[in-house]
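A.B. asks:
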Amino acid sequence: MTKSINTVFYRMALDTGLSRVIDAAHAAGIPADRVNDPRGGLALGDQEVHPIDMASAFATFAADGVYHEPYIVSRVETADGQVLYEHEASDGEQRFPQQVARNVTESMLDVLRSGDIALDGGRKAAAKTGTVQQSETGRDNKDAWTVGYTPSMATAVWVGTDTNEPIRDSRGRAIYGRMLPGHIWQEYMNTALEGTPREEFSRFVPMGTPPSGFGAGQQATPPTAAPQNNAPNAGNQDDDDDNNGNGGNNNGNNNGNNNRGGNGGNGNNNNNDNNDDDEDAGGGGLLGGGGGGGNDADDEDANAAGTQDVQTVPVANQRTGAADRGQSGNPAG
14 MTKSINTVFY RMALDTGLSR VIDAAHAAGI PADRVNDPRG GLALGDQEVH
64 PIDMASAFAT FAADGVYHEP YIVSRVETAD GQVLYEHEAS DGEQRFPQQV
114 ARNVTESMLD VLRSGDIALD GGRKAAAKTG TVQQSETGRD NKDAWTVGYT
164 PSMATAVWVG TDTNEPIRDS RGRAIYGRML PGHIWQEYMN TALEGTPREE
214 FSRFVPMGTP PSGFGAGQQA TPPTAAPQNN APNAGNQDDD DDNNGNGGNN
264 NGNNNGNNNR GGNGGNGNNN NNDNNDDDED AGGGGLLGGG GGGGNDADDE
314 DANAAGTQDV QTVPVANQRT GAADRGQSGN PAG
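Throughout, this note's numbering is defined as the position within the sequence shown, counted from one, plus 13.
1. With a threshold of 7 Å between beta-carbons, can Tyr162 be considered close to chain D, or not?
2. Less than 8 Å between the CB atoms is what I'm expecting for Ala139 and Thr118, so what's the real figure, rounded?
3. Would you be able to state if there are at least three C-beta pairs under 8 Å between the stretch 66-85 and the stretch 160-177?
4. Between the C-alpha atoms of Trp171 and Arg136, what's the straight-line distance to the nearest angstrom?
5. Whose C-beta lies closer than 7 Å to the C-beta of Gly228 among residues of the same chain, with five residues either side of it excluded?
6. Quick one: Cα of Val96 to Cα of Ser87, how far?
7. Among the residues of its own chain, which have a CB less than 6 Å from the CB of Gly134, if the five just before and after it don't count?
8. Suppose only complete runs of 3+ residues qualify. What are the beta strand (DSSP E) ranges in the stretch 119-180, listed by chain order?
9. For Pro210, name the three-state secondary structure that DSSP assigns.
10. Decide if the stretch 31-50 is in contact with the stretch 58-71; the criterion is three or more beta carbon pairs, one per stretch, under 8 Å apart.
11. How many angstroms separate the CA atom of Glu106 from the CA atom of Val34?
12. Indicate the three-state DSSP secondary structure (helix, strand or coil) for Thr325 in the structure shown.
13. Among Thr144, Gly195, Arg191 and Gln199, which residue has its Cα nearest to the Cα of Asn177?
14. Could you spell out the range, first to last residue, of the alpha helix (DSSP H) harbouring Val89?
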């Protein structure tokens with residue numbers, strides 16, 4: 014996931030079966046009316062999702078495979094204290110085995126460090142970055158994403174346009190996921206989590222045969238059977254999530270008491286393509302990799318034109334919020 018080699022995930026999606034990848038994306042939290050075309054580009058995020066869809070789907074993995082329906086309004090109260098409405102929290106629905114969800118999380122734990130957008134104080138988080146290439150020049154991008162989570166909060170950041178215009182920073186450089194979206198994600202999460210305890214993800218038990226060199230030469234814990242549930246083709250989640258917005262790479266633990274995250278107003282839920290492009294490759298898949306190479310992430314600023322949308326979801330109850338940093342004017346940011 015850190016390297017985000019598009020050809021690997023493209024082949025993996027075909028081998029797994031595109032219909033199963035679609036089922037997994039919907040199980041994670043992508044709405045049923047989106048991501049429905051079983052074409053190869055699915056592995057690279059070539060179908061549209063909203064930032065809230067990605068935050069919700071990633072939160073499912075953060076909660077060890079438990080899905081909670083996202084909502085915006087938690088409580089409505091009059092000036093004299095009369096409660097007119099209050100959202101009823103639920104226990105959620107186990108969509109993926111815990112082991113599957115935790116393996117998805119494990120695959121994304123090094124992305125932020127590699128992209129130089131890790132959280133303060135060594136706080137653990139899983140994330141994926143990526144871009145959608147602009148079709149005319151092949152050298153620019155039109156959408157860029159960073160989506161990630163801690164055990165208690167999932168946040169999706171999208172920078173892009175509703176058109177096919179290229180997005181560039183104030184110095185005219187192409188924007189990749191780990192750049193402006195990654196810095197927005199990092200700043201937002203650091204602020205939202207400031208003063209809260211550092212959390213650990215649940216116990217990691219690898220699935221299948223570990224690759225050579227696993228854990229810096231250390232032997233991995235022997236795989237164990239995943240708990241049974243009704244999740245559709247849950248075993249394919251790793252593949253889907255790694256590649257891009259569809260299904261989201263979310264991982265983490267069930268933290269029923271987490272209520273962090275936005276009570277903010279609705280942001281601009283702009284329709285954007287799922288990103289799958291490698292940041293380092295300059296094209297390709299949705300949340301594609303961090304890592305060295307690619308464009309410098311330094312000196313980006315809010316002068317980049319276009320829309321910047323942040324959607325965050327507290328993992329346990331999926332309450333949604335938004336910190337909208339969009340800009341009016343030329344949608345080319």
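Note that the Cβ used here is the ideal one computed from N, Cα and C, for glycine as well.
Please read all numbers here as calculations on a predicted model, not as lab measurements.
C.D. replies: Taking the definition as stated:
1. The structure shown has no chain D; it contains just one protein chain.
2. 5 Å
3. yes
4. 22 Å
5. Low per-residue confidence applies at Gly228: pLDDT is 49, beneath 50, and the placement is therefore not dependable, though the value from the model is reported in the following sentence. Here the set comprises nothing.
6. 11 Å
7. none
8. 139-146, 154-162 and 166-173
9. coil
10. yes
11. 19 Å
12. strand
13. Thr144
14. Here Val89 belongs to no alpha helix (DSSP H); instead the beta strand (DSSP E) covers Arg88 to Glu90.
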